[in-house]
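Enquirer:
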Amino acid sequence: MKITIRSNIGKRRSSNQDYADYYVNQSDQYLFILCDGVGGHQAGDVASRMTTDYIGAKFKETAAITTTDDMQQWFNDIVNEVNQHIYQQSTENTHLIGMGTTLVMAVVVKEHIIVSHVGDSRAYVYFEGQLKQITEDHSLINELIRTGEITEAEGQVHPGRNIVTQSIGGSNQVESEINVIPLTEVEVLMLCSDGLTNMVNQEELSTIFDNQRNEENFGEQLIEAANEAGGADNITVVLVSDWNPTSVEEGE
Numbered sequence: 001m002k003i004t005i006r007s008n009i010g011k012r013r014s015s016n017q018d019y020a021d022y023y024v025n026q027s028d029q030y031l032f033i034l035c036d037g038v039g040g041h042q043a044g045d046v047a048s049r050m051t052t053d054y055i056g057a058k059f060k061e062t063a064a065i066t067t068t069d070d071m072q073q074w075f076n077d078i079v080n081e082v083n084q085h086i087y088q089q090s091t092e093n094t095h096l097i098g099m100g101t102t103l104v105m106a107v108v109v110k111e112h113i114i115v116s117h118v119g120d121s122r123a124y125v126y127f128e129g130q131l132k133q134i135t136e137d138h139s140l141i142n143e144l145i146r147t148g149e150i151t152e153a154e155g156q157v158h159p160g161r162n163i164v165t166q167s168i169g170g171s172n173q174v175e176s177e178i179n180v181i182p183l184t185e186v187e188v189l190m191l192c193s194d195g196l197t198n199m200v201n202q203e204e205l206s207t208i209f210d211n212q213r214n215e216e217n218f219g220e221q222l223i224e225a226a227n228e229a230g231g232a233d234n235i236t237v238v239l240v241s242d243w244n245p246t247s248v249e250e251g252e
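According to full-length UniProt numbering, the sequence shown is numbered sequentially starting from 1.
1) Under 8 Å by Cβ, that's how I've got methionine 190 and valine 237 pegged, so tell me the actual separation to the nearest angstrom.
2) Could you tell me whether the Cβ atoms of leucine 103 and serine 206 are closer together than 8 Å?
3) Under three-state DSSP, which class holds histidine 117?
4) Cutting at 8 Å between CB atoms, please list the residues of its own chain near asparagine 18, excluding the five before and the five after it.
5) Taking C-beta to C-beta, are alanine 64 and serine 15 nearer than 8 Å?
6) Could I get the ranges of all uninterrupted beta strand (DSSP E) runs contained in the region 190 to 251, with 3 residues as the minimum, in chain order?
7) Identify whether methionine 71 lies in helix, strand or coil by the three-state DSSP scheme.
8) By DSSP, does glycine 10 sit in helix, in strand, or in coil?
9) Given this structure, state the Cα-to-Cα distance separating alanine 232 from lysine 11, to the nearest angstrom.
10) Taking the alpha carbon of lysine 2 as the reference point, which residue from Glu187, Asn211, Glu204, Asn227 has its own alpha carbon closest?
11) Which residues does DSSP pair with residue 268 in a beta bridge?
12) For methionine 50 and glutamate 203, what's the separation of their Cα atoms in angstroms?
13) Going by the beta-carbon positions, is the gap between aspartate 120 and valine 82 smaller than 8 Å?
14) Using three-state DSSP, classify methionine 105 as helix, strand or coil.
15) For threonine 184, which three-state DSSP category applies?
16) Just tell me which of Ser171, Val125, Val180 has its CA closest to the CA of histidine 112.
17) How many Å lie between glutamate 128 and glycine 230 at the Cα?
18) Pick out whichever of Tyr23, Ala43, Val108, Val109 has its Cα sitting closest to the Cα of asparagine 93.
19) Is it right to say threonine 67 is buried, meaning 16 or more other beta carbons lie within 10 angstroms of its own, or is it exposed?
20) Ends of the beta strand (DSSP E) at glycine 37?
21) Can you tell me whether asparagine 80 is helix, strand or coil according to DSSP?
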């Protein structure tokens, strides 16, 4: 298995509020997590790191999760649990008031990849020359596009494109979404923050995957593309391929 994690502050931010990592449980299952802090100066970086570490620590304590149903239940439980934790921290500490974070995470269970997300950080899969977005953004822009009020092209430049409708810690209740993808239909899994997808559209991303996905510096290529397009936000990617669990090649 090849795992690459890359994060970059971008060209216009004073701090990096993204955070990503992966964790291995007691049965050598791998969990990949990416968070993008919400709240600007109000501790978005704390929320993203705290959420990732909290979920990762809980996952490392688990034994084998052998069915997709059990994994989905674990995801639902941990999302509610970490949401309560972040929300409580934000209400009890004045310097953390208003903090929150997006969340996208994925784990392999036998022949499937299970993806759970809250907010507008995304999961993509690349297979046989096609790049497919798996998650659907919990965002103001996505709601406007779904209702036909704006087009996707207008959404790319809309002033409210960074507003999420759900986040971890944003309120005392949250609803995550779960997607299940057959592992046989995945060559590369990508988790990413909107610092990538707001700068590089689907067509451009597909071209990069077609031409560069096998290169050693593929993660840097994605970061560079976002920065060349303006780098308006922090940019973070998690890339996973070569699904042999006995061999792990890491890049961070």
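Glycine residues also receive a C-beta, built at the ideal position from the N, C-alpha and C atoms. On a predicted model such as this, the values are computed, not experimentally measured, just so you know.
Expert: If we stick to the structure as given:
1) 6 Å
2) no
3) strand
4) As written in the sequence, residue 18 is aspartate, which differs from the asparagine given in the question. Only Ser7, Leu34, Cys35, Asp36, Gly37, Ser48, Ser193, Gly195, Asn234, Ile235, Thr236 meet the Cβ criterion.
5) Remark: C-beta atoms of alanine 64 and serine 15 do not approach each other more closely than 8 Å.
6) Counting only runs that start and end inside the region 190 to 251, the beta strand (DSSP E) elements of at least 3 residues fall at 235 to 241, 249 to 251.
7) If DSSP states are grouped into helix, strand and coil, methionine 71 belongs with the helices.
8) In this structure, glycine 10 counts as coil in the three-state DSSP scheme.
9) 6 Å
10) Closest option to lysine 2, Cα to Cα, is Glu187.
11) Here the chain covers residues 1 to 252 and nothing more, so residue 268 does not appear.
12) 34 Å
13) no
14) strand
15) helix
16) Val180
17) 30 Å
18) Ala43
19) exposed
20) 30 to 38
21) helix
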